[in-house]
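Under numbering that gives the first Met the number 0, think of the first position of the sequence shown as 0, with each following residue one higher.
Positions of the beta carbon are idealized from the N, C-alpha and C atoms, including for glycine.
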Amino acid sequence: MPEIFLVFFSILILSTFSFGQANDRSSHQLSSLNGAYHSYTELESELKKLALNYPSIVRLCILGQSLENRNIYALKISNHPGRPENEPRVAFLGCHHAREWMSVEVPLQLANYLIKNYDKDERVKAIVDSSEIWIVPLVNPDGLDYSILNYRLWRKNRRLNGDGSFGVDLNRNYSFGWGADDSGSSPRPSSETYRGSQPFSEPETQAIRNLFLNVNFSATISYHSFSQSILYPWSYADLPAEKEPLFQQLAADMAQLISQVNGRIYYTGRSAASLYLTNGDFIDWVYGLFDIPAFTIELPPVDLQAGGFFNSELDIQSISAENLPAALYLLEWAISTYASQDERLKPNAKNKLEKRAGNGLKNKRMRLTGLEGRN
Ligand SMILES: [Zn+2]
0 MPEIFLVFFS ILILSTFSFG QANDRSSHQL SSLNGAYHSY TELESELKKL ALNYPSIVRL
60 CILGQSLENR NIYALKISNH PGRPENEPRV AFLGCHHARE WMSVEVPLQL ANYLIKNYDK
120 DERVKAIVDS SEIWIVPLVN PDGLDYSILN YRLWRKNRRL NGDGSFGVDL NRNYSFGWGA
180 DDSGSSPRPS SETYRGSQPF SEPETQAIRN LFLNVNFSAT ISYHSFSQSI LYPWSYADLP
240 AEKEPLFQQL AADMAQLISQ VNGRIYYTGR SAASLYLTNG DFIDWVYGLF DIPAFTIELP
300 PVDLQAGGFF NSELDIQSIS AENLPAALYL LEWAISTYAS QDERLKPNAK NKLEKRAGNG
360 LKNKRMRLTG LEGRN
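This is the structure we're talking about:
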């Protein structure tokens, strides 16, 4: 294990030295193996810098550690970030899936935008002053670095499974409807959608669970790539969520705002009806337990022919920019409706509710494509 880390760090350090100076770019260089995209180390240093330089509105939290002991970071952005206030909270997550590099960049750029425009832009100031924005850009740090250093198309975390294969699909490891069938997730460890030995078997999903059990959120977005769509529950079955009209409205409004930036049209729809069935995923768990809007945004491109997981470095700015107004819109929705939201469930009630998860798995309809290109 130490050798692996030594090799890992020396590659990063060497590549930074060999190209970093010539390029004279800001801290996330076109210099390392992943170009303008962030590795774990690059992200960590950027998050620390933000927390250090903007202490009045930023706090860096460690939610837990990955299997290989990398930190899972959350950036909390708010005025008075050091104490909890009676304000709505919205969480933005990235990179459950290792190869979806763009999904790290979009929430990170959102954080940068909010922090750096706080003093310059009244709308940003109003949002930051009246909410807590929690940004977790990298849920799967081990997987991301494996994707950078070893195998670009790596998807899962780096769990060594009993049969010698590696990886649990973190977006199949949540407890709501976990393992409801073998189509929406797989019981086979070598599968790309292996759900793990039990719900929340993985430290990465445990970290997210702990965050959500300890902080009452009003809404959340989990970024993935690719397919250019905004998806909402349910994922486990092609059935309408009780709050589907609200989800439809929010998704349509976000898609409209996104399209105004670069003209890209994001499809909106029920997760199970849009791509394929998934069970044990993040948004079903969040909605199933906490009854709040939970979206998966599948970033561009639209399909494999358009590049699949391989976005250009040049896409980082344009995709982040078009997703910004949608994120601000969801934050403003959370703020404007906060007074009328039900009292959020307390952790005890949440745990009781969690035990009932899966009760609704009746009348599910099967709808499935192959495993290829899952995102
Ligand atoms: Zn994904």
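Here the distance from the Cβ of E99 to the nearest heavy atom of ligand 1 is below 6 Å. Comparing alpha-carbon positions, the option among G93, M253 and N33 lying closest to A325 turns out to be M253. Secondary structure note for L256: it is in no beta strand (DSSP E), and the uninterrupted alpha helix (DSSP H) holding it is E243 to N261. In the three-state reduction of the DSSP assignment, Q64 falls in the strand class. Linking E191 to E121 through their CA atoms gives a straight-line distance of about 45 Å. In the three-state reduction of the DSSP assignment, A293 falls in the strand class. Between the alpha carbons of V214 and L329 lies a gap of roughly 18 Å. At least one heavy atom of ligand 1 sits closer than 6 Å to the Cβ of H96. Within the same chain, Cβ atoms closer than 6 Å to the Cβ of F175 are found at D283, W284, G287 and A356, the five residues on either side in sequence being excluded. Per DSSP, A236 lies in no alpha helix (DSSP H) segment and is marked neither H nor E. Taking all protein chains shown into account, T336 has fewer than 16 neighbouring C-beta atoms within 10 Å of its C-beta and is therefore exposed. Of the residues L230, Y266 and F289, the one whose Cα lies closest to the Cα of T277 is L230. Secondary structure at L74: strand, using DSSP grouped into helix, strand and coil. Taken through DSSP and simplified to helix, strand or coil, L276 comes out as coil. D128 and S189 have their C-alpha atoms some 46 Å from each other. Classified as exposed, G163 has fewer than 16 neighbouring CB atoms from the shown chains inside 10 Å of its CB. A293 is the residue among A293, S273, Q205 and I114 whose C-alpha sits nearest the C-alpha of Y222. The three-state reading of DSSP puts R58 in strand, counting E and B together. Nearest C-alpha to F199 among R82, G279 and V103: G279.
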